[in-house]
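**Student:** When the letters of the sequence shown are read in order and numbered with my numbering, they come out as residues 279 to 986. Input: one structure, supplied below.
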Amino acid sequence: MSDSAPKTVTIALAGNPNCGKTALFNRLTGSRQRVANFSGVTVSRKEGEAHHKGWLLRFVDLPGTYSLSTLTMEEKLAQEYLLGNDYDLILNIMDAGNLERNLFLTTQLIESGRPRFYVLNMADEARRKGIELDLALFGQLLDGPALMTVARTGEGLEALLDRLVADAEERFVRRGVAVRYDAHLEEAIARLSHHLQHHLGEQPQARWRAIQLLEGNQGLPGAPAPTEHLAIQGEAERQHLAALHGDPAEVLLTSGRYGFIRGLLRETVQQRFSVADTVGLRDRLDALLLHRLLGLPLFFLLMWVMFQTTFTLGKVPAEQINALFQWLGEQAGQWLAPSLFRELLTEGIIPGVGGVAVFLPTIMLLFLFIALFEDSGYMARVAFLTDRAMHTIGLHGKAFIPLLMGFGCNVPAIMATRAMEHPRDRLVTILINPFMSCSARLPVFVLFAGAFFPQNEGTVLFSVYMVGIVTALLSALLLKKTLFQGISEPFVMELPPYRWPTLRSVLQHMWEKAVEFLKKMGGVILAGSIIIWFLQAYPRDVALPWQPEERLAAIEAQLPAGEERQAAIKALQAEQSAAEQEGRYLGQLGHWIQPIFAPLGFDWRTSIALLTGFVAKEVVISTLGVLYHSGNKDELQEEALQQKLAQAMPAHVAYGFMLFTLLYIPCLATIAVIRRETMSWRWPLLSSLFGLSIAWLAAWTVHRLGAL
Numbered sequence: 279m280s281d282s283a284p285k286t287v288t289i290a291l292a293g294n295p296n297c298g299k300t301a302l303f304n305r306l307t308g309s310r311q312r313v314a315n316f317s318g319v320t321v322s323r324k325e326g327e328a329h330h331k332g333w334l335l336r337f338v339d340l341p342g343t344y345s346l347s348t349l350t351m352e353e354k355l356a357q358e359y360l361l362g363n364d365y366d367l368i369l370n371i372m373d374a375g376n377l378e379r380n381l382f383l384t385t386q387l388i389e390s391g392r393p394r395f396y397v398l399n400m401a402d403e404a405r406r407k408g409i410e411l412d413l414a415l416f417g418q419l420l421d422g423p424a425l426m427t428v429a430r431t432g433e434g435l436e437a438l439l440d441r442l443v444a445d446a447e448e449r450f451v452r453r454g455v456a457v458r459y460d461a462h463l464e465e466a467i468a469r470l471s472h473h474l475q476h477h478l479g480e481q482p483q484a485r486w487r488a489i490q491l492l493e494g495n496q497g498l499p500g501a502p503a504p505t506e507h508l509a510i511q512g513e514a515e516r517q518h519l520a521a522l523h524g525d526p527a528e529v530l531l532t533s534g535r536y537g538f539i540r541g542l543l544r545e546t547v548q549q550r551f552s553v554a555d556t557v558g559l560r561d562r563l564d565a566l567l568l569h570r571l572l573g574l575p576l577f578f579l580l581m582w583v584m585f586q587t588t589f590t591l592g593k594v595p596a597e598q599i600n601a602l603f604q605w606l607g608e609q610a611g612q613w614l615a616p617s618l619f620r621e622l623l624t625e626g627i628i629p630g631v632g633g634v635a636v637f638l639p640t641i642m643l644l645f646l647f648i649a650l651f652e653d654s655g656y657m658a659r660v661a662f663l664t665d666r667a668m669h670t671i672g673l674h675g676k677a678f679i680p681l682l683m684g685f686g687c688n689v690p691a692i693m694a695t696r697a698m699e700h701p702r703d704r705l706v707t708i709l710i711n712p713f714m715s716c717s718a719r720l721p722v723f724v725l726f727a728g729a730f731f732p733q734n735e736g737t738v739l740f741s742v743y744m745v746g747i748v749t750a751l752l753s754a755l756l757l758k759k760t761l762f763q764g765i766s767e768p769f770v771m772e773l774p775p776y777r778w779p780t781l782r783s784v785l786q787h788m789w790e791k792a793v794e795f796l797k798k799m800g801g802v803i804l805a806g807s808i809i810i811w812f813l814q815a816y817p818r819d820v821a822l823p824w825q826p827e828e829r830l831a832a833i834e835a836q837l838p839a840g841e842e843r844q845a846a847i848k849a850l851q852a853e854q855s856a857a858e859q860e861g862r863y864l865g866q867l868g869h870w871i872q873p874i875f876a877p878l879g880f881d882w883r884t885s886i887a888l889l890t891g892f893v894a895k896e897v898v899i900s901t902l903g904v905l906y907h908s909g910n911k912d913e914l915q916e917e918a919l920q921q922k923l924a925q926a927m928p929a930h931v932a933y934g935f936m937l938f939t940l941l942y943i944p945c946l947a948t949i950a951v952i953r954r955e956t957m958s959w960r961w962p963l964l965s966s967l968f969g970l971s972i973a974w975l976a977a978w979t980v981h982r983l984g985a986l
């Protein structure tokens, strides 16, 4: 006998940025969407499920938005879903310690006519501020149940699920409330509502549509467009109200909404003690971290400490991973019979994948610091700090948020530009984002910094990241002066409160990145290693300009048995292997493209590595691991590859290679997301050609200066 299917309800989560909405979604559904203290984290809707008391609760996490006016792509997406989709309930999430700002969206949700359930999140911070709330009266006045939660600790979540199920059992019955405005506004709304029902038939959201017409918004998702007569009538009402009050209709509506909010808070909220008593530490921290002269140097110092710590702590586990892959290679060589498969495994897959795997601890440590910066509220302050500098290049501090996200991955960082209001600013930010060094490039930098600058690894890595930031900013200035001229829109940057990052959130973020990295190892890096091995292993018979057998016989005849003879034979084998590599498909391709890179000091091996890095930047490491593998048992050690690289090029060429890897063509996934976000191949092509030109020029400059 099968169990009956659970009853299902669909719940839309709506709220301001930084209200803990996505953290609540993660707790309710077990999902792992990224949470951070600035807007633009959720850039498209996310869906998850929870089972509770025989009900299937489907949650839809919408982008954080301050209003339902269609200014940004985020607000438009939230508006389209809330007004044009079939769902059962709006779960309105608010910051319990900042209700006046959060309730502006609530007034618009009330006007939409959909049933609502109110969650006042961050209750712990509200209590620290001395805020006491009459929840029963609050919910009664807003026509929906109200509950306090702390999403980051799980406080109140079980009660929330219980109340949601109970509300669903009662079919979300509401008595209906409305935000009331002054007499002139109400008369205009009534007239437009009457016209809407007369011309478009019975409209369940007629009042909401009338208010939108007064605000100058002509269309609503999922509803027929207003007729020409309605548009004219709406404009006439707007002009009439402006003549009566001396202010535009949208200003009058905003004023009315805040009047409603102030009245609600006066009836339901008590302040037990002064907020000033609780913000002293925050103000002192802001005075230091946002200092006009000290703020940016402190940020750069923290970044330098981050890179130094990442190198120092990452070395120990990296050595263990090195040893593991060395052992795997030795076991495969001992237990497998000589065959192409053994050769593929020991000379292709294990060196290629193992060469990248050793950097997993370093990447996890980097994301540990990024998670700490984001969850504590410091990252939003960095964006605030850079606002003045960003204005000098025609952008504002909000554009710096996607750039900072680019340190993790350029793909979600580019998607985060949807939070930007101005199309020109958004496009410029998309085009410069690939210059921000993503985590996929980090293994390349760690490998080369350890090989060529062992005493200054952290400082060298810090300098590479700084080159990326400076290049991005200068490129933005160039683009704003040429292709995208215009004045940047003003923007008020929100400064969220400081919060202690939770261990769960930080570990979850590190785990997600580790899983993502391991998936790449089992996917594109594994496939790349196999393809690269095939290209460097075939054709099998390569004609050499000299006979190895004759030279081997000469060595054995001239040198007595001992270490000197063994060293000479080993050198002969290395020379033969290098000559055979150059005659195989990969070597032929490398020599064909090398003239492009020769002025930079790159040989055919490094040229090939850059070419394969177009697919994914980690493949640069696996390519070098395969090309520099010679079959010795120590070959799998990271140090062995570093030693071979150090013998193959001088330090200044290596630094040029690092800069080239930083700046040249973005990976395939980044190209694809630029195409998707801009709806044109023009911009990914421009990004690729521009980045390639900048990278070539930077590496050439370093090579010429180093040769002096």
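We treat Cβ as the ideally placed atom computed from N, Cα and C, and that holds for glycine.
To the nearest angstrom, how far is it from the Cα of P732 to the Cα of A610?
**Tutor:** Taking the sequence shown and counting its residues from 1, the one referred to as residue 732 is at position 454. Taking the sequence shown and counting its residues from 1, the one referred to as residue 610 is at position 332. Those two C-alpha atoms are separated by around 32 Å.
**Student:** Run the CB neighbour count on H476, radius 10 Å, all protein chains shown included, and call it buried at 16 or more, exposed below.
**Tutor:** On the sequence shown, residue 476 is found 198 positions in, with the first residue counted as 1. Exposed: under 16 other Cβ atoms inside 10 Å.
**Student:** Looking at C-alpha atoms only, which residue of L919, D402, T532, A929 is the closest neighbour of L346?
**Tutor:** Taking the first residue of the sequence shown as position 1, residue 346 is located at position 68. Ranking L919, D402, T532, A929 by Cα distance to L346 puts T532 first.
**Student:** Which two residues bound the contiguous beta strand (DSSP E) that contains E625?
**Tutor:** Translated into positions along the sequence shown, residue 625 becomes position 347. It is not in any beta strand (DSSP E) - E625 carries neither H nor E in the DSSP assignment.
**Student:** Could you compute how far the alpha carbon of L739 sits from the alpha carbon of R982?
**Tutor:** Here residue 739 refers to the residue found at position 461 of the sequence shown. Here residue 982 refers to the residue found at position 704 of the sequence shown. Roughly 21 Å between the two C-alpha positions.
**Student:** Reducing DSSP to helix, strand and coil, say where K331 ends up.
**Tutor:** As a first step, residue 331 is located in the sequence shown; it is residue number 53 there, counting from the start. DSSP places K331 in coil when its eight states are reduced to three.
**Student:** Near F726, what residues of its chain come up, given a Cβ to Cβ distance below 6 Å and the 5 sequence neighbours on each side ignored?
**Tutor:** Position 448 of the sequence shown, counted from the first residue, corresponds to residue 726. Contacts found: A932, M936.
**Student:** Just to confirm, is the Cβ distance from D421 to R452 under 7 Å?
**Tutor:** Residue 421 sits at position 143 when you count from the first residue of the sequence shown. Residue 452 sits at position 174 when you count from the first residue of the sequence shown. Result yes, Cβ atoms of D421 and R452 sit closer than 7 Å.
**Student:** From which residue to which residue does the beta strand (DSSP E) around K285 run?
**Tutor:** Reading the sequence shown from its first residue, position 7 is the one you call residue 285. Note, K285: beta strand (DSSP E), 285 to 293.
**Student:** Taking only three categories from DSSP, how would you classify V547?
**Tutor:** Locating residue 547 in the sequence shown gives position 269, where the first residue counts as 1. Strand, per DSSP.
**Student:** Among T749, L720, I747, V748, which has the Cα closest to the Cα of E735?
**Tutor:** As a first step, residue 735 is located in the sequence shown; it is residue number 457 there, counting from the start. Ranking T749, L720, I747, V748 by Cα distance to E735 puts L720 first.
**Student:** Which stretch, first to last residue, makes up the alpha helix (DSSP H) that contains R516?
**Tutor:** As a first step, residue 516 must be located in the sequence shown, where it is residue number 238. Taken as a continuous stretch (DSSP letters only), the alpha helix (DSSP H) holding R516 covers 506 to 523.
**Student:** Looking only at its own chain, which residues have a Cβ that is under 8 Å from the Cβ of E513, when we skip the five neighbours before and after it?
**Tutor:** Residue 513 sits at position 235 when you count from the first residue of the sequence shown. There are no such residues.
**Student:** For I510, is the classification buried or exposed, using 16 other Cβ atoms within 10 angstroms of its Cβ as the cut-off for buried?
**Tutor:** Taking the first residue of the sequence shown as position 1, residue 510 is located at position 232. Looking at its Cβ environment, which holds fewer than 16 other Cβ atoms inside 10 Å, I510 is exposed.
**Student:** Which residues mark the beginning and the end of the alpha helix (DSSP H) in which D412 is found?
**Tutor:** The residue labelled residue 412 in the question sits at position 134 within the sequence shown. Taken as a continuous stretch (DSSP letters only), D412 belongs to no alpha helix (DSSP H), as it is neither H nor E.
**Student:** I'd like to check one pair, A356 with L369: are the Cβ atoms closer than 7 Å?
**Tutor:** Taking the first residue of the sequence shown as 1, we reach residue 369 at position 91. Taking the first residue of the sequence shown as 1, we reach residue 356 at position 78. Against a cut-off of 7 Å, the Cβ pair of A356 and L369 comes out as no contact.
**Student:** Would K299 and L291 qualify as a contact pair, given that the criterion is a beta-carbon distance under 7 Å?
**Tutor:** Residue 299 sits at position 21 when you count from the first residue of the sequence shown. Residue 291 sits at position 13 when you count from the first residue of the sequence shown. The answer is yes: Cβ separation under 7 Å.
**Student:** Let me check understanding here. Comparing Cα to Cα, which of G984, T948, G891, L638 lies closest to L878?
**Tutor:** Position 600 of the sequence shown, counted from the start, is the residue given in the question as residue 878. Out of G984, T948, G891, L638, G984 has the C-alpha closest to the C-alpha of L878.
**Student:** Taking C-beta to C-beta, are L663 and G746 nearer than 7 Å?
**Tutor:** Counting from one through the sequence shown, the residue named residue 663 turns up at place 385. Counting from one through the sequence shown, the residue named residue 746 turns up at place 468. Contact: no.
**Student:** Taking only three categories from DSSP, how would you classify F416?
**Tutor:** As a first step, residue 416 is located in the sequence shown; it is residue number 138 there, counting from the start. Looking at F416 - three-state DSSP - the assignment turns out to be helix.
**Student:** Taking the alpha helix (DSSP H) that R719 falls in, what are its first and last residues?
**Tutor:** As a working mapping, residue 719 is identified with position 441 in the sequence shown. Premise fails: R719 is in no alpha helix (DSSP H) and is neither H nor E.
**Student:** Between which two residues does the beta strand (DSSP E) harbouring Y396 extend?
**Tutor:** On the sequence shown, position 118 is the one that residue 396 refers to. Note, Y396: beta strand (DSSP E), 394 to 399.
**Student:** What are the partner residues of D339, as DSSP defines its beta bridges?
**Tutor:** For this step, residue 339 is matched to residue 61 along the sequence shown. Answer is L291, K324, bridged to D339.
**Student:** In whole angstroms, give me the CA-to-CA distance for A831 and E597.
**Tutor:** For the purposes of this step, residue 831 is identified with residue 553 of the sequence shown, where counting begins at 1. For the purposes of this step, residue 597 is identified with residue 319 of the sequence shown, where counting begins at 1. Rounded to the nearest angstrom, the two C-alpha atoms are 40 Å apart.
**Student:** Can you give me the Cβ contacts of L792 inside the same chain, cut-off strictly under 6 Å, excluding the 5 residues immediately before and after it?
**Tutor:** Here the question's residue 792 lines up with position 514 in the sequence shown. The identity of residue 792 in the sequence shown is Ala, whereas the question assumes Leu. Same-chain partners within the cutoff: M642.
**Student:** Using a Cβ distance threshold of 8 Å, determine whether the stretch 892 to 906 contacts the stretch 793 to 813, with at least three qualifying pairs required.
**Tutor:** Because the criterion of three Cβ pairs below 8 Å is met, the stretch 892 to 906 and the stretch 793 to 813 touch.
**Student:** Enumerate in chain order the residues of its own chain whose CB-to-CB distance from F603 is below 7 Å, with the five nearest sequence positions on each side excluded.
**Tutor:** Taking the first residue of the sequence shown as position 1, residue 603 is located at position 325. Cβ within range, chain order: I628, G632, A635, L914.
**Student:** Suppose you measure from the CA of C297 to the CA of M372; what does that come to, to the nearest Å?
**Tutor:** Walking along the sequence shown from the start, residue 297 turns up at place 19. Walking along the sequence shown from the start, residue 372 turns up at place 94. Looking at the two C-alpha atoms, the distance is approximately 6 Å.
**Student:** Buried or exposed for Y344, going by 16 or more other Cβ atoms inside 10 Å?
**Tutor:** Here the question's residue 344 lines up with position 66 in the sequence shown. With 16 or more other Cβ atoms within 10 Å, it is buried.
**Student:** Rounding to the nearest angstrom, what Cα-Cα distance links L354 and I599 in this structure?
**Tutor:** Walking along the sequence shown from the start, residue 354 turns up at place 76. Walking along the sequence shown from the start, residue 599 turns up at place 321. The sequence shown places Lys at residue 354, not Leu. Going from the Cα of K354 to the Cα of I599 covers about 47 Å.
**Student:** So, for Y365: in the same chain, excluding its five sequence neighbours on each side, which residues have a beta-carbon less than 6 Å away from its beta-carbon?
**Tutor:** Numbered from 1 along the sequence shown, position 87 holds the residue referred to as residue 365. Hits under 6 Å: T288, A290.
**Student:** Can you pull the DSSP bridge partners for A424?
**Tutor:** Position 146 of the sequence shown, counting from 1, holds the residue named residue 424. Y396.
**Student:** Work out the CA separation of G630 and S971 for me, nearest whole Å.
**Tutor:** Within the sequence shown, the letter at position 693 stands for residue 971. Within the sequence shown, the letter at position 352 stands for residue 630. The alpha-carbon atoms of S971 and G630 are separated by roughly 29 Å.
**Student:** Taking 7 Å as the cut-off, decide whether the C-beta atoms of I833 and A849 are in contact.
**Tutor:** By one-based count along the sequence shown, residue 833 stands at place 555. By one-based count along the sequence shown, residue 849 stands at place 571. For I833 and A849, no; Cβs fall outside 7 Å.
**Student:** In terms of alpha-carbon separation, which member of A488, A857, R782, Q490 lies closest to A815?
**Tutor:** Counted from its first residue, the sequence shown places residue 815 at position 537. Measuring from the Cα of A815, the nearest candidate turns out to be A857.
**Student:** With H, G and I counted as helix, E and B as strand and the rest as coil, what does DSSP make of N363?
**Tutor:** Here the question's residue 363 lines up with position 85 in the sequence shown. Correct three-state label for N363: coil.
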